[in-house]
Amino acid sequence: MADSALGAAAQWDDVTGAPLNDAARSILEEAKATIAKSSAASSKSSSKAVISEDAARAILAAIPDVDLATGEHKYVQVIISVKGAPKGVSKPIVTSTAGLMYHPDMYDAAMKKLKPLGITGRVVGGGRINLDHGAKTASVWGYSKSFGRVEGCNERSAEIIGRFHPDYRVTWSDDGY
């Protein structure tokens, strides 16, 4: 369980992934609000950037594309961008944190690290991953009950992991939970 800005530990339904308390609802509402803001911003044609494209790309380049805990965990794929950067300057990251059991908690943990850097994030989806550094393998499958099944998310996440770990054997599937 992740501690939210409300101070309480977020609690999630093990079967449905639904939030069970205000702390969990707050995390999920923030993630969904970010998705809505991103959709609204992409429909506006005249947003003015306050940071140059080169500066935004340099900031994004300093953030690893992959930040995964070793072993089997849930993961999320997040599209990150720099606040005030030109439209379209973004990149996907794949992240998981040991000890967290729910996809919204994974998103919340990632954003707690990135927001102080001026980074915004929009969760794309998630699933499960098994990362074995010894065997140099990564397997991606399933989906997030909280964020829903997102076609192509596991395949794109596997591609991102494969680019980050080019000597690993990375597989993916949309099967399972």
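Take 14 as the starting number for the sequence shown in the numbering used here and just add one per residue.
Cβ coordinates follow ideal geometry from the N, Cα and C atoms, glycine included.
Could you check the C-alpha separation between residue i and residue j for me, to the nearest Å?
i, j, result
"Val153", "Ala21", "31 Å"
"Asp80", "Lys61", "31 Å"
"Gly139", "Val183", "16 Å"
"His178", "Leu144", "11 Å"
"Val89", "Asp180", "22 Å"
"Val28", "Val102", "37 Å"
"Val163", "Val137", "7 Å"
"Ile173", "Gly161", "20 Å"
The beta strand (DSSP E) with residue i in it runs from where to where?
i, result
"Leu127", "That residue, Leu127, is in no beta strand (DSSP E); its alpha helix (DSSP H) goes 116 to 127."
"Glu85", "84 to 95"
"Ser193", "This structure cannot settle anything about residue 193, because the visible part of the chain is limited to 14 through 190."
Could you give the first and the last residue of the continuous alpha helix (DSSP H) run that contains residue i?
i, result
"Asp145", "Run containing Asp145: none in the alpha helix (DSSP H); it sits in the beta strand (DSSP E), 132 to 145."
Less than 6 Å between C-beta atoms, sequence neighbours within five positions excluded: which residues of the same chain meet that for residue i?
i, result
"Gly189", "Trp154, Gly155"
"Gly175", "Val183"
"Tyr115", "Trp25"
Comparing alpha-carbon positions, which option in the options lies nearest residue i?
i, options, result
"Glu168", "Gly134, Pro105, Pro117, Val95", "Pro105"
"Ala75", "His86, Arg38, Ala171, Val95", "Val95"
"Ala68", "Ser157, Ala171, Phe160, Gly131", "Gly131"
Residue i: buried (16+ other C-beta within 10 angstroms of its C-beta) or exposed?
i, result
"Met124", "buried"
Which residues in the same chain have their Cβ closer than 8 Å to the Cβ of residue i, if we skip the five residues on either side of it in sequence?
i, result
"Thr83", "Ala111, Leu144, Asp145, His146"
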